[in-house]
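Quick note on my numbering: the sequence shown kicks off at 11 and runs consecutively.
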Amino acid sequence: MRKIFLLFLGLAIASCTSETEKIEVSENPISQHLDAYFTALTDLKEFNGVILAYKNDSLILDKAYNLFPNPNSSTYVSTESQFDIHSVAKLMTHYLIVKLEEEGRLSEEDPINRFFPDFPKGDQITVKMLLDHSSGLPRELLDLEGNEFDLEPSEIVALAKKQPLLFDPGEDAQYSNVGYELLYEVISQIYGKPFSQCVVDEIFVPLKMDHSGAHFYTNNKRLENPAKNHVLQDTSLVQVPNILEDEFKTARFYSTAADLDRFQKALEKEPYASAMKNEAGVIAKDGGSKGIRAQVYTDLEKGFRFVLLANFDDMPFFKTIEDVSKILDSELVEIPKELNRIAIDVAPDILEKYAGSYFFADFDGLILRVEVEENGIAVFQDNEKIGSLKAESPTVFFENPKEPESFEFIPNEEGSYDVMMGWKGISVKGKRQ
C-alpha cells in the first residue's frame, strides 16, 4: 500500500548475512530459547539490535544481533551502543512526577492551571490526566506551520493552549505527545531548569546511568557510541537521521540497554512500583520513530524484565515484545520463520460489511476507505487506491503473503466493524465513520 509507506516506511529488505556479537549464551533453556528466537529473527532480516533480559535477577541474555557482520557498517551495534529511546522518556517523566509527589512538591490531582494559569479548561485537566492521556489534547499539534523541532518549550505550551480538545477532560483516552510536553514543562518549572537537565540530574546521575544523556538542553554531552537509525527504501537498507524535523526536541534522550536496566531496577522499588505498575503488575513503555524501536518491560509479579533496542524499524515489534514476555515466563514460543500466507474466498455479502471509511486517530487523523473488489478488498487514501488485499480468514486481510502486515476487522458496539491495521510490528485502530 504505497502511500501508507510514507507513514510506515518500506516493505522489503536487501539480502544480507546476519551475525551476532560474540557473547556466550547460558545453558539455561530460557536463554537458549530467547537466543534462538532472535537469531532466527535476524536471519529473516527482521532484527538488528540488542536484547538484555533478566529473570529473578539472573542474567538470561545480553547480546547484540547484526544483519551485517562488518563493524564498519552503519547498522552495526554492540551491547554498549547508545540508542535513541523516544517515548521511553514518558516513563522517566512518570518517575519524576511520583518523586515530586513523594516530596510534597505536587500532586497528580493538581489542575494544570497551577502551572499554566490561562490554559483553557486548565481547572479541569489534572496532572494525572496528562499522565494517562485522558486530558482530551490531541496526539500532535494541529495545523502547525513549520517544524516541531524549531519550537522552544514555551512556544509548545502557547500552541497547546490553542488546541481543540478531542473530548471533555477525563471522559476518554487518546495518546497525546502534546500532553506530555506540558508535563515536561511542569517538571521544568518545579526544578527550575530544562526538563532534559532534570532527567540527567535526577535519574541518570543518581542511578549511575553513565552512558545515557540528552541531545538538547543539557550541560554535559555523553554521546560516544551512537546507534544509527535505518529504514527500508525500495529494497535497500538506508541510514536516516537520528534527529528529525517533525519531532519535538524537549525530551530527546539516548541510552544503552544496561543503563535502561538500571532504571528498571529503580522502578521495582517503592513508591515507584505501586504508583507505576498496571493492573497486571507490569511497568512497560515502548518508544520509536523513523528507523528506531525501543522497549523496557518489567513484570513485577512474574519476576522478569528486559530491554529491547533496535536501530532498524522493519521488525514485528509488538509481536516480538509479546513473545519475549512469554519466553521469560517459561512458555514455549514458536521460533520465527518465513511466512507464506494463503488466500481464501470470502462471500461478497461478508465483504460488504467492511466497506466504509476508517479514522486512525493515532496517525494524525488518517482516513482510509475500504471498498469491495473481486476476491478481496481495496484500500483508498485521498481517493487514491493504495492497496488490494486478499482474505486469510473472513476477518483478516493481507497484501503480501510473505509479510505479517494485515487488516483485521473487529465488531464494534454500534453493530458494524472497526479495523486493526498492523504494519511494521505496530497495531493501530481505525474507527468506522
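C-beta atoms are modelled at their ideal positions from N, C-alpha and C, and glycine is treated no differently.
Is it true that the CB of residue 204 sits closer than 9 Å to the CB of residue 174? On the sequence shown, residue 174 is found 164 positions in, with the first residue counted as 1. On the sequence shown, residue 204 is found 194 positions in, with the first residue counted as 1. No.
Just to confirm, is the Cβ distance from residue 40 to residue 70 under 9 Å? In the sequence shown, the residue the question calls residue 40 occupies position 30. In the sequence shown, the residue the question calls residue 70 occupies position 60. Between residue 40 and residue 70, the C-beta spacing is below 9 Å.
Among 376, 375, 367, 372, the one whose alpha carbon lies nearest that of residue 387: For the purposes of this step, residue 387 is identified with residue 377 of the sequence shown, where counting begins at 1. Minimum Cα distance to residue 387 is reached at 367.
Would DSSP call residue 92 helix, strand or coil? Within the sequence shown, numbered from 1, the residue matching residue 92 stands at position 82. In the three-state reduction of the DSSP assignment, residue 92 falls in the strand class, which pools E and B.
Tell me which same chain residues have a C-beta within less than 6 Å of the C-beta of residue 2, skipping the five on either side of it? The first residue shown for the chain is 11 and the last is 443, placing residue 2 beyond what the model contains.
Which ranges would you report for the alpha helix (DSSP H) in the stretch 172 to 241 if only whole runs of at least 4 residues count? Counting only runs of 4 or more, we get 187 to 201, 205 to 209.
If we call anything under 9 Å between Cβ atoms a contact, is residue 317 one with residue 270? Translated into the one-based positions of the sequence shown, residue 317 becomes position 307. Translated into the one-based positions of the sequence shown, residue 270 becomes position 260. The answer is yes: Cβ separation under 9 Å.
Could you compute how far the alpha carbon of residue 332 sits from the alpha carbon of residue 193? Indexing the sequence shown from 1 puts residue 332 at position 322. Indexing the sequence shown from 1 puts residue 193 at position 183. Cα atoms of residue 332 and residue 193: separation of roughly 29 Å, rounded to the nearest angstrom.
If we count Cβ pairs, one from each stretch, closer than 8 Å, do we get three or more for the stretch 231 to 240 versus the stretch 81 to 89? Yes, since at least three Cβ pairs between the stretch 231 to 240 and the stretch 81 to 89 fall closer than 8 Å, the two stretches touch.
Option nearest residue 335 by Cα separation, candidates 293, 394, 286: On the sequence shown, position 325 is the one that residue 335 refers to. For residue 335, the nearest C-alpha among the options comes from 293.
Quick check: the Cα distance between residue 345 and residue 328, rounded to an integer number of angstroms? Position 335 of the sequence shown, counting from 1, holds the residue named residue 345. Position 318 of the sequence shown, counting from 1, holds the residue named residue 328. Each residue's alpha carbon lies about 15 Å from the other.
For residue 334, report the span of its alpha helix (DSSP H) as first-last. As a working mapping, residue 334 is identified with position 324 in the sequence shown. Run containing residue 334: 327 to 338, per the alpha helix (DSSP H) assignment.
Here's a check: name, in chain order, each residue in its chain whose Cβ is nearer than 7 Å to the Cβ of residue 196, leaving out the five neighbours to either side. Your numbering for residue 196 matches position 186 in the sequence shown. These residues qualify, in order along the chain: 125, 137.
Give a yes or no on whether the C-beta atoms belonging to residue 58 and residue 38 are separated by under 9 Å. As a first step, residue 58 must be located in the sequence shown, where it is residue number 48. As a first step, residue 38 must be located in the sequence shown, where it is residue number 28. With contacts defined as CB atoms closer than 9 Å, residue 58 and residue 38 fail to qualify as a contacting pair.
How would you label residue 337, buried or exposed, when you count the other beta carbons within 10 angstroms and need 16 or more for buried? Counting from 1 along the sequence shown, the entry for residue 337 is found at position 327. It counts as buried.
What residue ranges within the stretch 252 to 332 form continuous alpha helix (DSSP H) runs of no fewer than 4 residues, ordered along the chain? DSSP runs (the alpha helix (DSSP H)) wholly in the stretch 252 to 332: 267 to 277, 282 to 286.
Return helix, strand or coil for residue 12, following the three-state DSSP convention. What you label residue 12 is simply residue 2 of the sequence shown in a count that begins at 1. At residue 12, the pLDDT of 36 sits below 50, so the modelled position is not reliable and the matter cannot be decided from this model.
One or two residues paired with residue 390 in a DSSP bridge: Walking along the sequence shown from the start, residue 390 turns up at place 380. Residue 390 is bridged to 379, 395.
Between residue 176 and the rest of its own chain, which residues show a CB-CB distance below 7 Å, the 5 nearest in sequence each way excluded? What you label residue 176 is simply residue 166 of the sequence shown in a count that begins at 1. Excluding sequence neighbours, residue 176 sits near 146, 148, 184.
Kindly list the residues whose CB is nearer than 8 Å to the CB of residue 402, restricted to its own chain and excluding five residues on each side of it in sequence; keep chain order. By one-based count along the sequence shown, residue 402 stands at place 392. Same-chain partners within the cutoff: 351, 352, 353, 354, 408, 416.
Could you give the uninterrupted runs of the alpha helix (DSSP H) lying entirely in the stretch 334 to 370, keeping only those of 4 residues or more? Qualifying alpha helix (DSSP H) stretches, in chain order: 358 to 362.
Could you check if residue 218 is buried or exposed, using at least 16 other CB atoms within 10 Å of its CB as the buried criterion? Numbered from its first residue, the sequence shown carries residue 218 at position 208. By the beta-carbon neighbour count (other beta carbons within 10 angstroms, threshold 16), residue 218 is exposed.
For residue 156, write down the residues that DSSP places opposite it in a beta bridge. Numbered from its first residue, the sequence shown carries residue 156 at position 146. Bridge partners of residue 156: none, in fact.
According to the Cβ coordinates, are residue 254 and residue 248 closer than 9 Å? Here residue 254 corresponds to residue number 244 of the sequence shown, with the count starting at 1. Here residue 248 corresponds to residue number 238 of the sequence shown, with the count starting at 1. Contact: no.
Have a look at 154, 420, 160 and flag the residue whose alpha-carbon is nearest the alpha-carbon of residue 171. Working through the sequence shown from its first residue, we reach residue 171 at position 161. Nearest C-alpha to residue 171: 154.
Collapsed DSSP secondary structure at residue 448 in the structure displayed: This structure cannot speak to residue 448, because the chain is shown only from 11 to 443.
Going along the chain, which residues of its own chain have a beta-carbon closer than 7 Å to the beta-carbon of residue 231, five neighbours each way excluded? As a working mapping, residue 231 is identified with position 221 in the sequence shown. Exclusion of the five residues before and after residue 231 leaves 223 as the residues of its chain whose Cβ lies within less than 7 Å of its Cβ.
With which residues is residue 136 paired in a DSSP beta bridge? Against the sequence shown, residue 136 aligns to sequence position 126. Looking at the DSSP output, residue 136 sits in a beta bridge with 121.
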